[in-house]
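Quick note, the sequences are listed as chains U and P, same order.
Heads up: the first sequence is residues 9 to 117, going by my numbering.
Heads up: the second sequence is residues 4 to 118, going by my numbering.
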Amino acid sequence: RKEVEQDPGPFNVPEGATVAFNCTYSNSASQSFFWYRQDCRKEPKLLMSVYSSGNEDGRFTAQLNRASQYISLLIRDSKLSDSATYLCVVSTGGFKTIFGAGTRLFVKA
Amino acid sequence: GAGVSQSPRYKVAKRGQDVALRCDPISGHVSLFWYQQALGQGPEFLTYFQNEAQLDKSGLPSDRFFAERPEGSVSTLKIQRTQQEDSAVYLCASSHFGAPQETQYFGPGTRLLVL
């Protein structure tokens, strides 16, 4: 079993739709959680950190469920520019950072 | 300011050749990470430096892979006797202090193709 698992998708949604991604992690000692975004043939960039209480940044909402060991990302009012791969990232508190394989999102007009 | 830079951006190597990949982190960043990203996969952790100290090299796939950061700034990832399975994008990232909750800033990567 992979340490961080994501549905690879692709998710194909129309503009304006709401879409949600989940990610599960296996190490209960994990301490820090993130969503990164990666455009095709580009480097990953931080989208948002994920806090225990949940957090929102504009159209993006991230939630953490420690008991079930999953993280979610909700995107509301999808834009064409949201088309990318979304990487779930987990750190156990040491130096090693574990990335999921990513979920691909295509937003179409 | 300048972000993380990597060179070369593209490298084609013949099987068995040695290659060296360079990373220039953001100035003042203490922590530096190397990742390997295969096509369709997420980045896989290779190694971590805090200043010049290599504190974790658990992700290096074999003893053909070697990384260094002798002065605590620029880092080099060296792959000896390259194999076809080494073909991937090698990403470097830096963060200010390396605390687990910090943002990692990635360079554009080096695309390595081993023929």
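All C-beta atoms in this analysis are idealised placements derived from N, C-alpha and C, irrespective of residue type, glycine included.
Because the structure is a prediction, the values reported are computed rather than measured.
Taking Cβ-Cβ distances shorter than 7 Å, what residues in chain P pair up with K116 of chain U? Here the question's residue 116 of chain U lines up with position 108 in the first sequence. None at all; the shortest Cβ gap to chain P is about 21 Å.
When the Cα atoms are used, what is the spatial distance from V7 of chain P to G101 of chain P? Against the second sequence, residue 7 of chain P aligns to sequence position 4. Against the second sequence, residue 101 of chain P aligns to sequence position 98. Looking at the two C-alpha atoms, the distance is approximately 15 Å.
Which residues in chain U sit within 8 Å of L94 of chain P, going by Cβ to Cβ distance? For the purposes of this step, residue 94 of chain P is taken as residue 91 along the second sequence, with counting starting at 1. Near L94 of chain P (Cβ distances below 8 Å), the residues of chain U are E51 and P52.
Would you tell me roughly how many angstroms separate the C-alpha atoms of A109 of chain U and R114 of chain P, rounded to the nearest one? Here residue 109 of chain U refers to the residue found at position 101 when the first sequence is read from its first residue. Here residue 114 of chain P refers to the residue found at position 111 when the second sequence is read from its first residue. Going by the C-alpha atoms only, they are around 18 Å apart.
Is the distance from the Cβ of T111 of chain U to the Cβ of D47 of chain U below 9 Å? Along the first sequence, read from residue 1 onward, the residue named residue 111 of chain U stands at position 103. Along the first sequence, read from residue 1 onward, the residue named residue 47 of chain U stands at position 39. Not closer than 9 Å, so no.
Do we get a CB-CB distance below 9 Å when we pair I106 of chain U with the residues of chain P? Taking the first sequence and counting its residues from 1, one reaches residue 106 of chain U at position 98. Chain P contact via Cβ: present.
Paired residues, beta bridge with C95 of chain P - DSSP: The sequence position of residue 95 of chain P within the second sequence is 92, counting from 1. Looking at the DSSP assignment, C95 of chain P forms a beta bridge with P:W37.
Three-state secondary structure (DSSP) of Q39 of chain U: Locating residue 39 of chain U in the first sequence gives position 31, counting from the first residue. The answer is coil: DSSP assigns Q39 of chain U none of H, G, I, E or B.
Alpha carbon to alpha carbon, how far is L94 of chain P from Y108 of chain P? Residue 94 of chain P sits at position 91 when you count from the first residue of the second sequence. Residue 108 of chain P sits at position 105 when you count from the first residue of the second sequence. Roughly 10 Å between the two C-alpha positions.
Close Cβ partners of P111 of chain P (< 7 Å) along its chain, the five nearest in sequence each way excluded: On the second sequence, residue 111 of chain P is found 108 positions in, with the first residue counted as 1. If we look at P111 of chain P and ignore the five residues flanking it on each side, its Cβ neighbours are Q9 and R12.
Which residues of chain P have a Cβ atom closer than 9 Å to the Cβ of A109 of chain U, listed in chain order? Start at 1 with the first residue of the first sequence, and residue 109 of chain U comes out as number 101. Going along chain P in sequence order, the residues near A109 of chain U (Cβ under 9 Å) are G43, Q44 and G45.
If you draw a straight line from the C-alpha of L117 of chain P to the C-alpha of C96 of chain U, how long is it? Here residue 117 of chain P corresponds to residue number 114 of the second sequence, with the count starting at 1. Here residue 96 of chain U corresponds to residue number 88 of the first sequence, with the count starting at 1. Checking the sequence shown, residue 117 of chain P turns out to be Val, not Leu. Roughly 29 Å separates the two Cα atoms.
Report the neighbours of S40 of chain U on chain P: residues whose CB is nearer than 7 Å to its CB, in chain order. Residue 40 of chain U sits at position 32 when you count from the first residue of the first sequence. Simply P103 and Q104.
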